[in-house]
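Novice: Residue numbers (numbering that gives the first Met the number 0), protein chains in the order written: chain Y, 0 to 240; chain A, 0 to 240. The beta-carbon is built from N, C-alpha and C at its ideal position, and this holds for glycine as well. On a predicted model such as this, the values are computed, not experimentally measured, just so you know. Following this message is one structure expressed as structure tokens.
2 protein chains.
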Amino acid sequence: MLDSPFARKLKAFVTLSDSDLNVVSTLDKRKRHFAPGRDMFHAGQTDASAFILATGWACGYILLTDGTRQITAIKVPGDFLGLRSILFRTSDHNVEPITPVEASEVRINDLFGAFAGTPRLAIAFLWAASRDEAILVEHLVGLGRRSAAQRVGHFLLELAARLKLVGLGDKTGYDCPMSQYLLADTLGLSAVHVNRVLRELREAGYATFQLGRVTFQDLPGLFAFCDFNANYLDHDGPLLK
Amino acid sequence: MLDSPFARKLKAFVTLSDSDLNVVSTLDKRKRHFAPGRDMFHAGQTDASAFILATGWACGYILLTDGTRQITAIKVPGDFLGLRSILFRTSDHNVEPITPVEASEVRINDLFGAFAGTPRLAIAFLWAASRDEAILVEHLVGLGRRSAAQRVGHFLLELAARLKLVGLGDKTGYDCPMSQYLLADTLGLSAVHVNRVLRELREAGYATFQLGRVTFQDLPGLFAFCDFNANYLDHDGPLLK
DNA sequence: ATGGCCAATTGATCCATGTCAATGTGGGAA
DNA sequence: TTCCCACATTGACATGGATCAATTGGCCAT
Chain Y
0 MLDSPFARKL
10 KAFVTLSDSD
20 LNVVSTLDKR
30 KRHFAPGRDM
40 FHAGQTDASA
50 FILATGWACG
60 YILLTDGTRQ
70 ITAIKVPGDF
80 LGLRSILFRT
90 SDHNVEPITP
100 VEASEVRIND
110 LFGAFAGTPR
120 LAIAFLWAAS
130 RDEAILVEHL
140 VGLGRRSAAQ
150 RVGHFLLELA
160 ARLKLVGLGD
170 KTGYDCPMSQ
180 YLLADTLGLS
190 AVHVNRVLRE
200 LREAGYATFQ
210 LGRVTFQDLP
220 GLFAFCDFNA
230 NYLDHDGPLL
240 K
Chain A
0 MLDSPFARKL
10 KAFVTLSDSD
20 LNVVSTLDKR
30 KRHFAPGRDM
40 FHAGQTDASA
50 FILATGWACG
60 YILLTDGTRQ
70 ITAIKVPGDF
80 LGLRSILFRT
90 SDHNVEPITP
100 VEASEVRIND
110 LFGAFAGTPR
120 LAIAFLWAAS
130 RDEAILVEHL
140 VGLGRRSAAQ
150 RVGHFLLELA
160 ARLKLVGLGD
170 KTGYDCPMSQ
180 YLLADTLGLS
190 AVHVNRVLRE
200 LREAGYATFQ
210 LGRVTFQDLP
220 GLFAFCDFNA
230 NYLDHDGPLL
240 K
């Protein structure tokens, strides 16, 4: 439990004492399972819970009235999900599992409890929320100002970095359960164009997205092509200025 | 001080006791002034402060290597700005004043101090950060899936709602110090196209963006046209579930 | 094996928005 | 007044990515 992906992630920011970690593991108790095909919670719901993702991938998304959707976050093990749905009167987004998911349910009183005794943990949470925000900001920048190819490449690189932090994947690549349709809804593109861009990246010798796996052939080249800089993930070891 | 825009905003989420408000006003002490033309802090800076905006508008942005930029947040009075720049080792974004700005400087130890005594305030901060995230998410959705016209309209409506919460603007509209260039960098469009879209909205009888003021001619129509739903701003009175 | 279905792939065409290039306009500095 | 300069506006043209329409391939249920 003390080595949950979530604790592992927080440790990238603060050095947590044993008692801090105990409080974290308290939050990590109420385990639940979810299968793809059914939302974990949905927009408009008033009694939604938050979750700490232990295994599997999920995505948060927003449905527009014209039937299209925009995925706003891809969640991997260690990620916190649904914070807005417990703090807000009513959830403003949906979350659905991409793979079978194991996650711990967190209610607002759990947060109160955790923060009351350990303000340092409140800061750690604020950091995690801020890191999620930074990820969101980079996606925003991608949608606003990057070409489709840079956007796709950037996203694949970001996932590599995030997975590495929780011990998944390696230098050569990582397992990725996303379909090209999911990529399209994430990156504000059509599935057809995602397919063309993936071919382009493959033919340029940068990376491959096939059979549920992302494989990098030319990491430095891809970094340069996408103008990728991992600073926004703030991964460089515990510091707590 | 107890009626600062910031306190006013937090009260939309939690009922704050007098002692809570005292702690908030403690944060609101170190007033500083900034003029347009010079960043309040910039990406890469390691000793950046955060600020609570008291008067004036500012924007957060990210510069790409090709010289383009994407504005990631427009900040109005009552908004907190630079949270990521104090929690992260190094700031991942820049902030510049749009108008002359008056703002209170906040350092990480101020936050620690505030949270230690009043966990309820930690939750309120988390709420404020989550609301900023919700705003970011809506911009993301706009960039990914909305037409230029809907995107512009949606943004103008969002600003109206946010300003109203801190007592600015009225039913007819609000003062808006943004140039069309700023709008373009915010909405991922070219300035030329922003101009065309504004004309379109004007000619459709929805709203007007001129001489530093946004004026609504047909609010219900614009709501419908943009598919605007203010739930994501979570403005409906203090509740703290 | 067969049928059915979903994801991936490819080609042809269209269109929303970008880019380039002028022109207009209002307010500030001298 | 006059110049200046940033912002707003408009037209002509270019293009990245969407849309429409097939085709292919893998996998599961029968």
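1) For the segment 215-233 of chain Y, list every residue whose C-beta sits within 7 Å of some C-beta in chain A, in sequence order.
2) Run down chain A in chain order and give the residues with a C-beta less than 7 Å from the C-beta of H138 (chain Y).
3) Using C-beta distances below 8 Å, list every residue in its chain close to L86 (chain Y), excluding the 5 sequence neighbours before and after it, in chain order.
4) Give me whichever residues DSSP pairs with E95 (chain A) in a beta bridge.
5) In chain order, what residues of the same chain lie with their CB nearer than 7 Å to the CB of L162 (chain A), ignoring the 5 residues before and after it?
6) So, for L82 (chain Y): in the same chain, excluding its five sequence neighbours on each side, which residues have a beta-carbon less than 7 Å away from its beta-carbon?
7) So, is K8 (chain Y) buried or exposed, given that buried needs 16 or more other C-beta atoms within 10 angstroms?
8) Return the bridge partner residues of E104 (chain A) from the DSSP annotation.
9) Taking 9 Å as the threshold (beta carbon to beta carbon), is E132 (chain Y) in contact with chain A?
10) Relative to the alpha-carbon of G116 (chain Y), which residue among Y:T214, Y:D19, Y:D217 and Y:L125 has its alpha-carbon at the smallest distance?
11) In three-state DSSP terms, what is G143 (chain Y)?
12) Could you please tell me which residues of the segment 169-192 of chain Y, in chain order, have their CB closer than 7 Å to any CB of chain A?
13) Quick one: grab the DSSP three-state call for A203 (chain A).
14) Using the rule of at least 16 other Cβ atoms within 10 Å of the residue's Cβ for burial, across every protein chain shown, is H138 (chain A) buried or exposed?
15) Please go through the segment 135-188 of chain Y and give each complete alpha helix (DSSP H) segment of 4 or more residues, from N-terminal end onward.
16) Just to make sure I have the definition right: I need the residues of chain Y whose C-beta is within less than 8 Å of the C-beta of S129 (chain A). Which are they?
17) Could you confirm whether any beta carbon from chain Y is found closer than 9 Å to the beta carbon of G143 (chain A)?
18) Would you say K240 (chain A) lies against chain Y (beta-carbon separation less than 9 Å)?
19) With a 10 Å radius around its C-beta and 16 neighbouring C-beta atoms as the bar for buried, classify A191 (chain Y) as buried or exposed.
20) In three-state DSSP terms, what is K8 (chain Y)?
21) Using a Cβ cut-off of 9 Å, pull out every chain A residue sitting near I122 (chain Y), in sequence order please.
22) Could you give the first and the last residue of the continuous alpha helix (DSSP H) run that contains T252 (chain A)?
23) Starting from Q209 (chain Y), find everything on chain A with Cβ-Cβ shorter than 8 Å and list it in chain order.
24) On the criterion of 16 or more Cβ atoms from any shown chain inside 10 Å, does Q209 (chain Y) qualify as buried, or is it exposed?
25) Name the one or two DSSP bridge partners that F79 (chain Y) has.
26) For the alpha helix (DSSP H) containing T64 (chain A), name the first residue and the last one.
27) Between which two residues does the beta strand (DSSP E) harbouring F33 (chain A) extend?
28) Listing by chain order, which chain Y residues have their CB less than 9 Å from the CB of L125 (chain A)?
29) What's the gap between the Cα of K240 (chain Y) and the Cα of R212 (chain A)?
30) Could you tell me if M0 (chain Y) is buried or exposed, where buried requires 16 or more neighbouring beta carbons within 10 angstroms of its beta carbon?
31) Does any residue of chain Y bring its CB to less than 9 Å from the CB of R68 (chain A)?
32) Put A128 (chain Y) into one of helix, strand or coil per three-state DSSP.
33) Distance, Cα to Cα, R150 (chain A) vs S189 (chain Y)?
Specialist: A quick look at the data gives this:
1) Of all residues in the segment 215-233 of chain Y, D226, N230, Y231 and D233 have a Cβ within less than 7 Å of some Cβ in chain A.
2) The sequence position of residue 138 (chain Y) within the first sequence is 139, counting from 1. For a Cβ distance threshold of 7 Å, residue set L139 of chain A lies close to H138 (chain Y), ordered along the chain.
3) Counting from one through the first sequence, the residue named residue 86 (chain Y) turns up at place 87. Closer than 8 Å at the Cβ level, and outside the excluded window around L86 (chain Y), lie I107.
4) As a working note, residue 95 (chain A) is residue 96 in the second sequence. As a beta-bridge residue in DSSP terms, E95 (chain A) pairs with A:C58.
5) Translated into the one-based positions of the second sequence, residue 162 (chain A) becomes position 163. Closer than 7 Å at the Cβ level, and outside the excluded window around L162 (chain A), lie V75, G168 and Y173.
6) Residue numbering aside, residue 82 (chain Y) sits at position 83 when the first sequence is read from its first letter. Once the five neighbours on either side are set aside, the close Cβ partners of L82 (chain Y) are A49 and A128.
7) By one-based count along the first sequence, residue 8 (chain Y) stands at place 9. Buried is the call here.
8) Here residue 104 (chain A) is taken as the residue at index 105 of the second sequence, counted from 1. In the DSSP output, where bridge partners are listed per residue, E104 (chain A) has A:F50.
9) In the first sequence, residue 132 (chain Y) corresponds to position 133, counting from 1. Taking Cβ atoms only, chain A reaches closer than 9 Å to E132 (chain Y), which makes this a yes.
10) Mapped onto the first sequence, residue 116 (chain Y) falls at position 117. It is Y:D19.
11) Taking the first residue of the first sequence as position 1, residue 143 (chain Y) is located at position 144. In this structure, G143 (chain Y) counts as helix in the three-state DSSP scheme.
12) Residues passing the 7 Å Cβ filter: G187.
13) For the purposes of this step, residue 203 (chain A) is taken as the residue at position 204 of the second sequence. DSSP, read as helix, strand or coil, puts A203 (chain A) in coil.
14) Taking the second sequence and counting its residues from 1, the one referred to as residue 138 (chain A) is at position 139. Here H138 (chain A) is buried: its Cβ has 16 or more other Cβ atoms, across all protein chains shown, within 10 Å.
15) Complete alpha helix (DSSP H) runs here, min 4: 147-164 and 179-186.
16) Counting from one through the second sequence, the residue named residue 129 (chain A) turns up at place 130. Simply L82, R83, L86, F87 and A128.
17) On the second sequence, position 144 is the one that residue 143 (chain A) refers to. G143 (chain A) counts as touching chain Y.
18) As a working note, residue 240 (chain A) is residue 241 in the second sequence. With a pLDDT of 43 at K240 (chain A), under the threshold of 50, the modelled position of that residue is not reliable, and the figure given next carries that caveat. Yes, contact with chain Y.
19) Here the question's residue 191 (chain Y) lines up with position 192 in the first sequence. Correcting the residue type first, residue 191 (chain Y) is Val in the shown sequence and not Ala. By the neighbour-count criterion, in which a residue is buried when 16 or more other Cβ atoms sit within 10 angstroms of its Cβ, V191 (chain Y) is exposed.
20) To locate residue 8 (chain Y), count along the first sequence from 1; it is residue 9. It is helical.
21) Residue mapping note: residue 122 (chain Y) aligns to position 123 of the first sequence, counting from 1. The CB of I122 (chain Y) comes closer than 9 Å to the CB of L86, I107, L110, F111, F114 and A121 in chain A, given here in chain order.
22) A query on residue 252 (chain A) cannot be resolved here, the shown segment of chain A reaching from 0 to 240 and no further.
23) Mapped onto the first sequence, residue 209 (chain Y) falls at position 210. Neighbours of Q209 (chain Y) on chain A: none; closest Cβ ~25 Å, over 8 Å.
24) Taking the first residue of the first sequence as 1, we reach residue 209 (chain Y) at position 210. The residue is exposed, with fewer than 16 neighbouring Cβ atoms inside 10 Å.
25) Locating residue 79 (chain Y) in the first sequence gives position 80, counting from the first residue. Partner(s): Y:I51.
26) Here residue 64 (chain A) refers to the residue found at position 65 of the second sequence. Where T64 (chain A) is concerned, there is no enclosing alpha helix (DSSP H), because DSSP gives it neither an H nor an E.
27) Taking the first residue of the second sequence as position 1, residue 33 (chain A) is located at position 34. That run of the beta strand (DSSP E) goes K30 to F33.
28) Here residue 125 (chain A) refers to the residue found at position 126 when the second sequence is read from its first residue. Within chain Y, the residues near L125 (chain A) are L82, L86, L110, F114, A121, F124, L125 and A128.
29) Locating residue 240 (chain Y) in the first sequence gives position 241, counting from the first residue. Locating residue 212 (chain A) in the second sequence gives position 213, counting from the first residue. Its pLDDT being 43, under 50, K240 (chain Y) is placed unreliably in this model, and the value from its coordinates should be taken loosely. If I take the Cα positions, the gap works out to 42 Å.
30) For the purposes of this step, residue 0 (chain Y) is taken as residue 1 along the first sequence, with counting starting at 1. Its pLDDT being 47, under 50, M0 (chain Y) is placed unreliably by the model, and the measurement read from it follows with that caveat. Exposed.
31) Along the second sequence, one-based indexing puts residue 68 (chain A) at 69. R68 (chain A) counts as touching chain Y.
32) As a first step, residue 128 (chain Y) must be located in the first sequence, where it is residue number 129. For A128 (chain Y), the three-state secondary structure derived from DSSP is helix.
33) Counting from one through the second sequence, the residue named residue 150 (chain A) turns up at place 151. Counting from one through the first sequence, the residue named residue 189 (chain Y) turns up at place 190. Taking the straight line joining both Cα atoms gives about 19 Å.
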